[in-house]
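The opening residue of the sequence shown carries number 55 in this note's numbering; numbering runs sequentially from there. Every residue, glycine too, gets a C-beta built ideally from N, C-alpha and C.
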Amino acid sequence: MKKMLIAALFLTSLASGGGVCAQETAEQPAPVWRMVYYRIKPGQAQAFWNDFRVNGAAIFSMAKEEGILADFMLFSNPYKAAPDEWDALLMLKYNNWAGLDDIEARAGEFYLEHYGAEKLQTLEAEREAMRDVLSNRAVRGVPLP
């Protein structure tokens, strides 16, 4: 009985404080993460991971050095519950929402510097042969007191 009462109080506090928490955090600075989920096509795992090791790391490091990215991480999903789940997750950390302003133009400069104009023309087709983008989202961190 005591455990049920504690659980009920906890759930009530979560339900009643949600609006206040959301209002307060809107004013507080917090990082924004862009999350890109990939499904690697059959037989393309080695090419996919190698592309990230060689090219992705170089480009994201350049963006980090320039202050465009705060950080970047790449995750694998070795325990998929279903075959159509994601295989890899790329997370790009920006200091705030403003970090996403004109991101395509700014990122394009790094891609051009790394690959060159000629290679950029065929790059997307090569990547589409390796993987599918399942989802591309942006989430904001919520600072806790």
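- About 4 Å separates the beta carbons of L144 and V90, which is inside the 8 Å limit, making them a contact pair.
- F129 is classed as exposed because its beta carbon has fewer than 16 other beta carbons within 10 Å across all chains shown.
- Contact between the region 119-129 and the region 140-157 is present: three or more C-beta pairs spanning the two stretches fall below 8 Å.
- Closest in alpha carbon position to P197, among L154, N150 and G170, is N150.
- Under the three-pair Cβ rule at 8 Å, the region 156-174 counts as touching the region 106-116.
- One Cα belongs to A159, the other to S189, and the distance between them is close to 21 Å.
- According to the DSSP assignment, Y92 belongs to no alpha helix (DSSP H) but to the beta strand (DSSP E) extending over V86 to I94.
- The Cβ atoms of A101 and M184 lie closer than 7 Å to each other.
- Residue pairing by DSSP leaves M116 without any beta bridge partner.
- For A183, the three-state secondary structure derived from DSSP is helix.
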